[in-house]
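Chemist: Can you read through this structure? Questions will come right after.
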């Protein structure tokens, strides 16, 4: 039976900061397709162990914790809560995934599938767990080991119908939640918990679509793509038909997700109530959430302007600008690169003479109000706090792109075939945002992961003789315009004409349910839209009243990427690196795409990169005037000229590729800060470069490199040795400091990893050193930089780039218990400054020396003083506890939690900084 997740919906999507209690708060997250539920179990399908169209030779593997089954009936939810029992296949991938942290050091090729699934096509006849035929032209076979659906259709319609049916079997409630998130209607559907309020506000602020907008995007995406557009529309319709068929079957059979009862949509006794059918516009609403989460780089221009003005206020325009640029690191010479052969791909570079800048007057910036008319629980402090957090999250340039990739050319492998270990970091949820499936039908042949509710195609995975994956890239496709107001605050000048803003509203109300006891409440969300995008701030520029708007190139184009994913699933289209790159060029999300087959590797950076007017600096707001608009921009369709494919970072058969959301290539500027000398991408670069230099790389060796990097503390590996060099520049006579230095040095010598003393011990080796660094880092950064920057500028730059993101951090872009760590922080600043103070060579250094004002002895004093302070902090001080862990429990503070999107709970696993869905591939042959 399907398993569903009660909970008042959504905690903080992506990686909520706190974990919901049963029937109290549920974090929800995004989309994809199916697995089992005890539906009819017919005779085994006629399948074979080694499919004729599989060229991987048994060397394709994947993993996606906690498990494929993401549906639970009300009875299954209650049994899990009372006794900890798990529905079949709800967590059978969690232990293998978690065990890699302690088992990777002895890994061999023969043992890879101890920690991963066999991702070969098909299911051996003796491994068939169930067979379902929702129509005569499609069969859904689920395997015994993981319950993954293997969908085989004899017609295109039947194949896609089966994909929709399987998606609903595994993720119906999750899909339903997220179609409401995309429409800004989550609280009305799932309950008024503060986290739900914050989540719907976060997404609706940037994508305030009406139903007509959603339909228009379907029409536009399909009409402009010829035969493929027609096919995509037909596929989507069949997919929705399959979803709705399962809704009807589960409703009449009374095995629908238990959340519908717990949230008051269905009656458990009489079965009264309805589960609304899906429609095509729901898929666009879902896509808007995913694109916003993982594929929309840019924004933050107003925050950039505020920190620049703060720097200029303190140091003057010339020196302040120089200081700001040194911290921005928009083209740092020491940054790790994905395309490292020296080829340049200029994009969003600093213009020689900026044109059209519209920097705000000091003190004039006010964030646009989103929520009005609060009543009841919508007016509580927790609700208003959630709103503030949602606003900050939606407006920052520090997007939560995660994911990593390690790809090695066959020239450097033992077999002569390329090897790839790659996957997306999409957080940890129960059920997972992604789902595994295999889909075989006319024009479709793939296995891999997709977001629930968008699984008409495999989005990350493998074809017959090739695999592909993506990481978030974050190049800037969002610009901020200053629209000059006229008449009143709701009219603006467009090409000289006073034009009314469009007001889009959404009123939500809720009442207590079993799942969410939040008291009744309501509010109205209101966004003013202009031709230049939604209004996000109000300010004055040179005394003129303006509204700052954000224009995203993918706004009103959330559905366009469907064509690229369709191509990736088409065995008659993707046959080579060139055709792979051609396919992903049709994806408008800002992603880095990687490819491997039996002979070649490839890379391409996707996204609608607008061609900006000459002289426009993408870092700052510009005037909303024709001279500064994107080239050939049409506001009616939000289309413009985009940079050609050749201008996007791309490569074929480079010796190796690594990506961990780092800088893509020389001269290619990303929107987020932090692409400097120390980046978590260095953890992969250093290990893979060493493997390639030695040659003879194997699948297990590349997995080891990934797993080793996944346990490394970036600060300890790449920055701490330099800090200790300063501290040890003179004998350390203070006993407290000396003891701390000894422990930190021992940790560095041991590899600077956050690992258990033994598997399952729940105690870290070098625990004291880890505790001290966690406590020391924010103290030393503040002591190093605040005296020179001043409090205001230090705070302003911290708003552009958080100081730290350790695994246990309850702050920063990812929150706690999220796995992903060290994406954003001041490690590069500390590294460059300390090296400068030591007199070492620094390329692209900061504009001045900060630690001890450049004095080695004064810098040393500041470091020792803060180190002593950190050493005096107890474990309870550093790890204060939360709803998952007691105060002082270091291992638990770091641990990964599968954030409950419903009623099924899972145990914690040790911290790892690695993809959620991950593939290990090495093809042996090619068509």
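Numbering (the numbering used here), first residue to last: 3 to 929.
Every residue gets a Cβ at the ideal spot worked out from N, C-alpha and C, and that includes glycine.
Every value quoted in this text rests on a predicted model; they were computed, and no experiment measured them.
#1: Give the DSSP-derived three-state secondary structure of residue 392 in the structure shown.
#2: Which term fits residue 631, buried or exposed, when burial requires 16 or more other beta carbons within 10 angstroms of its beta carbon?
#3: Determine the DSSP secondary structure at residue 633, reduced to helix, strand or coil.
#4: In the DSSP assignment, find the unbroken alpha helix (DSSP H) run with residue 243 in it and report its ends.
#5: For the beta strand (DSSP E) that residue 151 lies in, which residues bound it at each end?
#6: Let me know the beta strand (DSSP E) ranges lying completely inside the segment 416-477, each 3 residues or longer, listed in chain order.
#7: Please check the pair residue 227 and residue 565, which I expect to be a contact at CB under 8 Å, by giving their CB distance rounded to whole angstroms.
#8: Which of helix, strand or coil does DSSP assign to residue 26?
#9: Using 8 Å as the cut-off, can you tell me whether the segment 323-339 makes contact with the segment 580-599, which would need three or more C-beta pairs spanning the two stretches below that distance?
#10: Which parts of the segment 77-122 are runs of the alpha helix (DSSP H), unbroken and 4 residues or longer, counting only runs that do not cross its ends?
#11: Taking the alpha-carbon positions, what's the residue 245 to residue 585 distance?
#12: Identify the residues that DSSP records as bridge partners of residue 342: which are they?
#13: What are the boundary residues of the alpha helix (DSSP H) that residue 892 is part of?
#14: Any idea what DSSP makes of residue 766, helix, strand or coil?
#15: Leaving out the 5 sequence neighbours to the left and right, which residues in its chain are closer than 6 Å to residue 125 when beta-carbon positions are compared?
#16: Taking C-alpha atoms, which residue in 875, 845, 839, 844 lies nearest to residue 858?
#17: Would you tell me roughly how many angstroms separate the C-alpha atoms of residue 667 and residue 490, rounded to the nearest one?
#18: Give the secondary structure of residue 910 by DSSP, where H, G and I count as helix, E and B as strand, and everything else as coil.
#19: Would you give the residue range spanned by the alpha helix (DSSP H) that residue 725 belongs to?
#20: Give me the DSSP bridge partner(s) of residue 505.
#21: Which residues in the same chain as residue 832 place their Cβ atom closer than 6 Å to its Cβ, once the five residues preceding and following it in sequence are excluded?
#22: If you reduce the DSSP assignment to three classes, tell me which class residue 598 lands in.
#23: By alpha-carbon positions, which one of 84, 427, 445 ends up nearest to residue 233?
#24: Report all residues from its chain with a CB closer than 7 Å to the CB of residue 889; omit the five preceding and five following residues, and keep chain order.
#25: Under a Cβ-count criterion, where at least 16 other Cβ atoms within 10 Å of its own Cβ denotes burial, should residue 927 be classed as buried or exposed?
#26: Counting only runs of 4+ residues fully inside the segment 765-852, write out the alpha helix (DSSP H) ranges in chain order.
#27: Looking only at its chain, what residues have a beta carbon closer than 7 Å to the beta carbon of residue 256, apart from the 5 residues adjacent to it on each side?
#28: Rounded to whole angstroms, what's the CA-CA distance from residue 221 to residue 214? Just pull it up for me.
#29: Determine, using beta carbons only, whether residue 461 and residue 451 come nearer to each other than 8 Å.
#30: Starting from the C-beta of residue 309, find all residues in its chain whose C-beta is less than 6 Å away, skip the five residues before and the five after it, and write them out in chain order.
#31: Could you tell me the boundaries of the alpha helix (DSSP H) in which residue 931 lies?
#32: Buried or exposed for residue 319, please, with buried defined as at least 16 other CB atoms from any protein chain shown within 10 angstroms of its CB.
#33: Tell me residue 480's beta-bridge partners as DSSP assigns them.
#34: How many angstroms separate the CA atom of residue 699 from the CA atom of residue 844?
#35: Inspect the beta-carbon positions of residue 604 and residue 653 and report whether they are closer than 8 Å.
#36: Do the segment 689-704 and the segment 673-681 make contact, defined as three or more Cβ pairs closer than 8 Å?
Modeler: On the basis of the data shown:
#1: Taking the first residue of the chain shown as 1, we reach residue 392 at position 390. Three-state DSSP puts residue 392 in a helix.
#2: As a working note, residue 631 is residue 629 in the chain shown. By the neighbour-count rule (16 or more Cβ atoms within 10 Å), residue 631 is buried.
#3: Here residue 633 is taken as the residue at index 631 of the chain shown, counted from 1. Looking at residue 633 - three-state DSSP - the assignment turns out to be coil, as it is neither helix nor strand.
#4: Counted from its first residue, the chain shown places residue 243 at position 241. Taken as a continuous stretch (DSSP letters only), the alpha helix (DSSP H) holding residue 243 covers 228-255.
#5: Position 149 of the chain shown holds residue 151. Segment 151-155, the beta strand (DSSP E) holding residue 151.
#6: 421-425, 436-443, 446-453, 462-464, 469-474
#7: Residue mapping note: residue 227 aligns to position 225 of the chain shown, counting from 1. Residue mapping note: residue 565 aligns to position 563 of the chain shown, counting from 1. With 8 Å as the limit, residue 227 and residue 565 qualify as a contact, their Cβ atoms being about 5 Å apart.
#8: Taking the chain shown and counting its residues from 1, the one referred to as residue 26 is at position 24. Note that residue 26 scores 34 on pLDDT, short of 50, meaning its location in the model is unreliable; the coordinates nonetheless yield the value given after this. Three-state result, residue 26: coil.
#9: no
#10: 96-105
#11: In the chain shown, the residue the question calls residue 245 occupies position 243. In the chain shown, the residue the question calls residue 585 occupies position 583. Cα to Cα, residue 245 sits roughly 27 Å from residue 585.
#12: On the chain shown, residue 342 is found 340 positions in, with the first residue counted as 1. Partner(s): none; residue 342 has no beta bridge.
#13: Counted from its first residue, the chain shown places residue 892 at position 890. First-last of the alpha helix (DSSP H) with residue 892: 892-896.
#14: Taking the first residue of the chain shown as position 1, residue 766 is located at position 764. Reduced to three states, the DSSP call for residue 766 is strand.
#15: Taking the first residue of the chain shown as 1, we reach residue 125 at position 123. Only 49, 143, 145, 152 meet the Cβ criterion.
#16: For the purposes of this step, residue 858 is taken as the residue at position 856 of the chain shown. When only C-alpha atoms are compared, the closest one is 839.
#17: Stepping through the chain shown from its first residue, residue 667 is reached at position 665. Stepping through the chain shown from its first residue, residue 490 is reached at position 488. Answer to the nearest angstrom: the Cα atoms are 45 Å apart.
#18: By one-based count along the chain shown, residue 910 stands at place 908. Correct three-state label for residue 910: coil.
#19: Indexing the chain shown from 1 puts residue 725 at position 723. Note, residue 725: alpha helix (DSSP H), 722-729.
#20: Here residue 505 is taken as the residue at index 503 of the chain shown, counted from 1. Beta-bridge pairing links residue 505 to 530.
#21: Counting from one through the chain shown, the residue named residue 832 turns up at place 830. Closer than 6 Å at the Cβ level, and outside the excluded window around residue 832, lie 721.
#22: For the purposes of this step, residue 598 is identified with residue 596 of the chain shown, where counting begins at 1. Looking at residue 598 - three-state DSSP - the assignment turns out to be strand.
#23: Translated into positions along the chain shown, residue 233 becomes position 231. If we check each option's Cα against that of residue 233, 445 comes out closest.
#24: The residue given as residue 889 occupies position 887 in the chain shown. Same-chain partners within the cutoff: 878, 881, 882, 883.
#25: Position 925 of the chain shown, counted from the first residue, corresponds to residue 927. Exposed.
#26: 769-791, 793-802, 829-839
#27: Here residue 256 refers to the residue found at position 254 when the chain shown is read from its first residue. Excluding sequence neighbours, residue 256 sits near 273.
#28: Within the chain shown, numbered from 1, the residue matching residue 221 stands at position 219. Within the chain shown, numbered from 1, the residue matching residue 214 stands at position 212. The alpha-carbon atoms of residue 221 and residue 214 are separated by roughly 10 Å.
#29: Stepping through the chain shown from its first residue, residue 461 is reached at position 459. Stepping through the chain shown from its first residue, residue 451 is reached at position 449. Contact flag set, yes.
#30: Numbered from 1 along the chain shown, position 307 holds the residue referred to as residue 309. So the qualifying residues of the chain are 798, 799, 802.
#31: The question about residue 931 has no answer, for the chain in this structure spans 3 to 929.
#32: Within the chain shown, the letter at position 317 stands for residue 319. Burial call: exposed.
#33: On the chain shown, position 478 is the one that residue 480 refers to. Partner(s): 554.
#34: Locating residue 699 in the chain shown gives position 697, where the first residue counts as 1. Locating residue 844 in the chain shown gives position 842, where the first residue counts as 1. If I take the Cα positions, the gap works out to 33 Å.
#35: Against the chain shown, residue 604 aligns to sequence position 602. Against the chain shown, residue 653 aligns to sequence position 651. Yes. Within cutoff.
#36: no
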